[in-house]
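Worksheet for the structure shown next.
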Amino acid sequence: MTERLQADVVVVGGSIAGLATAITAKEHDPQLNVLVVEKYTSGYSGKANRGAGIVLLLGEHSPEEFAQFYLRHIGLYLNNQKTLLKYASMLNSNVELIDKWSGKVDKDENGKFRTLKWGSKLVGYTPEGKAIFDESVPYPWTLAAIDLDYIREVRRYARRAGVKFVDRVGVVDLLTHEGAAVGAVGYNIDSGEQYVIGARAVVLACGNQCWRIMPMWSPARGEGIAAAFRAGVKLANCEYGSFYNWTSLDHFESHMGVEYALYNDKGENVGIKHVKEIHPDINADSIAEWYKQMVAGNGPMHYREEENPLMPMLTSVLGSQAVHNRPYADRFWNYLFFNAFTRQTNDVVVPGLVGEFGGLWVDENMATPIPGLFAAGDICVLGSRVWGATAQPGRHRGSGIAFGTFSGRVAGPSAAVYATEHGPKPLSDEQIAQIDARFTAPLRSKGKMKPLEMVAEMQKVMQPVGNSLYRHEERMKKALARVGELQELVPELKAEDPHQLFGVNECVATLLCAEMFFKASLERKESLGWFLREDYPEPSKEGLYWVVVENKNGEVSVSKERVPLEEYPFQPETA
Amino acid sequence: MNNIIINRELCNGCKICFRACFIDVIKWDDKNKQPIIAYPEECVQCLYCEINCPERALKVVPYYDSYLFPREHLI
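The following block contains the structure:
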């Protein structure tokens, strides 16, 4: 049975990026029929309600000041500076809008957002028990805090604004007509019922690829990226999609600031040399140091938490009322911390692959190169090139919600304008049948392999630091070959229900993302920012370029595209 | 695997645990108005089902040793 729906703007994904898109599209033109399609349940789904709940804003700093600092110390000019400046100019109003939509941004008694700069030092307490911080840090931004149930409130706001919702339907492919996006095909994750959705404009806001390794990043399985690739999009900065966080094998919860107190088994602090005066967040060099120490036989590696200068700030913000008033977030963090840290038996740390691979190429208006197809949120963070030579969260924590909201606010009006100017197009029954045949094939498979067995094999390729962070041609070619072997095994994957059908589709997407990741990584023959090569330890002398991934007759094709610095206001000091 | 315990006497059938799960571990039994813990081996102990249950009828007991993580493939 097939359900057929028609919308002016269909938004795939109902977390903060999708909701910001839908609200702003609807408010741009209230006559438009705006539909959010969510694989799970909008308001609860996604990652933006299970993190720290901090959101970046500029405070008193200017967008130009932020951009210049960011280019110099983090992005290393591998940025689209037009999008970076647009992002910076909307950071303060992002927070005002989230508060308007949800009422959940923490404020003081005067109604002012309560903020705290990353890396601030705890210097005392007020008589009422509130923490006092020295905020003289060199970073031109600050952080507000949101209670983690805010997305449910944003969904309610969207409904009141007239946005429609379809939950429990995962989009698996896009529909095109003469090269333009004209709709999507999805399936109900409980019943397996097919949904064919025609639309004048489509916005992908369904998250990125996090390789299904670290727990809180588990829902990001790359299906939107794979669907977009099959439809013919272009991608960029895929080789930066390997963010690692410190974690303990006892519980897999993240640690922050480990590099300040990372010790080898001989008792030497080997992390501190990678912490420079400007150290806004974890850097790739400290993760690579872990790898080098382990290869040299100096492991296991230890974390002396009591020496981490970030801990007073972190423990004041997360699961505490010392700074913010966030009762729901406090409950969430306290449950999580209790479970995790009561199980911790030692101080051994390892880098856990988070990933955040989201390379959909978008311009300053969040438009992909496919007419009628737009993107917002994690799926296009890297491809927007707003953050340059770094992995998400871009060495500025609090940026996930910030980029999701920013990009949704841009994509919504862009899609609304496009939908107004373009009428509905016919949907191809042949395309719909092909998508159905592809997606449902595992139900008819004679194989015996379960999706989780494939997940375990993919993890073994992606998690090793020597493959995905401190890279070398030889290791990457082996990893890519293994990805190819696993792709050959896809027909062996068997599904017996809609949940498993989605499981297979997620595996197919993950393997495609892995192929893009290693091919793009092999193309970048240098070390730059978060991207490290053991065999090419220095930045290239050929200038700044983006590695671009494209679909050439169904194959993953990579090439280089020069960064057009002459079009941008800020130039590298050495150029 | 993680143990997700439901006190079925306390459960009021509100469906919030089902909605709260962000990776489809929990399905819903429409006939009996009760959650079904369909895929506990995939649970990532985010605890959203537990902290959102208005009746405190659900508890997640993580078993981290079984968590799917490539422990032998770190380097």
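Residue numbers (the numbering used here), protein chains in the order written: chain A, 1092 to 1666; chain B, 136 to 210.
Every residue gets a Cβ at the ideal spot worked out from N, C-alpha and C, and that includes glycine.
Let me check understanding here. Comparing Cα to Cα, which of A:ASP1372, A:LYS1357, A:PHE1334 and A:LEU1340 lies closest to GLU1350 of chain A?
A:ASP1372
Indicate whether CYS1604 of chain A and PRO1542 of chain A have their beta-carbon atoms separated by less than 8 Å.
no
Beta-carbon contacts of GLU1617 of chain A that lie in its chain and below 7 Å, excluding the five residues immediately before and after
ARG1624, TYR1627, GLU1629, PRO1630 and SER1631
Between the alpha carbons of ALA1666 of chain A and PHE1622 of chain A, how many angstroms are there, rounded?
Any answer about ALA1666 of chain A is weak, because its pLDDT of 46 lies below 50 and its placement is not dependable; what the coordinates show is given next. Whole-angstrom Cα-Cα distance: 20 Å.
Quick one: which chain A residues come within Cβ less than 8 Å of CYS156 of chain B?
TYR1131 and TYR1135
Can at least three beta-carbon pairs, one atom from the region 1124-1131 of chain A and one from the region 1139-1159 of chain A, be found at a separation below 8 Å?
no
State yes or no: is the C-beta of SER1377 of chain A within less than 8 Å of the C-beta of GLY1358 of chain A?
no
With a threshold of 8 Å between beta-carbons, can TYR1382 of chain A be considered close to chain B, or not?
yes
Please name the residue or residues paired with PHE204 of chain B in a DSSP beta bridge.
BP columns for PHE204 of chain B are empty, so no partner.
Any chance the CB of LYS1177 of chain A is under 7 Å from a heavy atom of the ligand GDP?
Of the ligands one can find in the structure shown there are none, so the ligand GDP has no counterpart to examine.
Do we get a CB-CB distance below 8 Å when we pair ASP164 of chain B with the residues of chain A?
no
What residues in the region 1546-1559 of chain A have a beta carbon less than 7 Å from any beta carbon of chain B?
VAL1546, ALA1547, GLN1550, LYS1551, GLN1554, PRO1555, VAL1556 and GLY1557
Bounding residues of the alpha helix (DSSP H) (the contiguous stretch that carries SER1490 of chain A):
1490-1512
By the DSSP assignment, the alpha helix (DSSP H) with GLY1277 of chain A in it spans what residues?
Here GLY1277 of chain A belongs to no alpha helix (DSSP H); instead the beta strand (DSSP E) covers 1271-1279.
Using the three-state DSSP reduction, which class does PHE132 of chain B fall into: helix, strand or coil?
Not covered by the structure: residue 132 of chain B. The range shown for chain B is 136 to 210.
Nearest by alpha-carbon distance to GLY1194 of chain A: which of A:VAL1245, A:MET1545, A:PRO1229 and A:PRO1306 is it?
A:VAL1245
Give the C-beta separation of ARG1291 of chain A and HIS1513 of chain A to the nearest angstrom, bearing in mind that I take them to be a contact with Cβ-Cβ under 8 Å.
5 Å
Let me know the secondary structure DSSP gives ASN147 of chain B once reduced to three states.
coil
In terms of residues, what are the limits of the beta strand (DSSP E) holding SER1650 of chain A?
1646-1653
So, helix, strand or coil for THR1406 of chain A, using DSSP?
helix
Could you spell out where the beta strand (DSSP E) holding TRP1381 of chain A opens and where it closes?
Here TRP1381 of chain A belongs to no beta strand (DSSP E); instead the alpha helix (DSSP H) covers 1375-1386.
Would you give the residue range spanned by the beta strand (DSSP E) that ILE1145 of chain A belongs to?
1145-1148
Assign ASN167 of chain B to one of three DSSP states: helix, strand, or coil.
coil
Tell me whether GLU1094 of chain A sits in a helix, a strand or coil according to DSSP, three-state version.
strand
Would a C-beta distance cut-off of 8 Å place THR1496 of chain A and ALA1236 of chain A closer than the cut-off?
no
Please specify which runs of the beta strand (DSSP E), each continuous and at least 3 residues long, are wholly inside the region 1452-1484 of chain A, giving them in chain order.
1464-1466
Can the beta-carbon of VAL1254 of chain A be found less than 8 Å from the beta-carbon of LYS1117 of chain A?
yes
Closer than 8 Å by C-beta to LYS1221 of chain A: which residues in its own chain qualify, once you throw out the five before and the five after it? Chain order, please.
ALA1413 and VAL1414
Assuming LEU1427 of chain A and GLU1344 of chain A make a contact with CB atoms under 8 Å, what is their CB distance in whole Å?
7 Å
Looking at C-alpha atoms only, which residue of A:GLY1134, A:PRO1589, A:VAL1595 and A:VAL1508 is the closest neighbour of GLU1544 of chain A?
A:VAL1595
What does the alpha-carbon distance come out to for the pair GLY148 of chain B and LEU1592 of chain A?
27 Å
Chain B partners of MET1385 of chain A, CB-CB under 9 Å?
LEU209 and ILE210
To which residues of the same chain is ASN1558 of chain A closer than 7 Å at the C-beta, ignoring the five residues directly before and after it?
VAL1552, ARG1566, MET1567 and ALA1570
Could you name each continuous beta strand (DSSP E) segment of 3 residues or more that falls completely within the region 1148-1234 of chain A, going from the start of the chain to the end?
1212-1216 and 1222-1225
Residue-level contact to chain A via CB, PRO205 of chain B, 8 Å cutoff
yes
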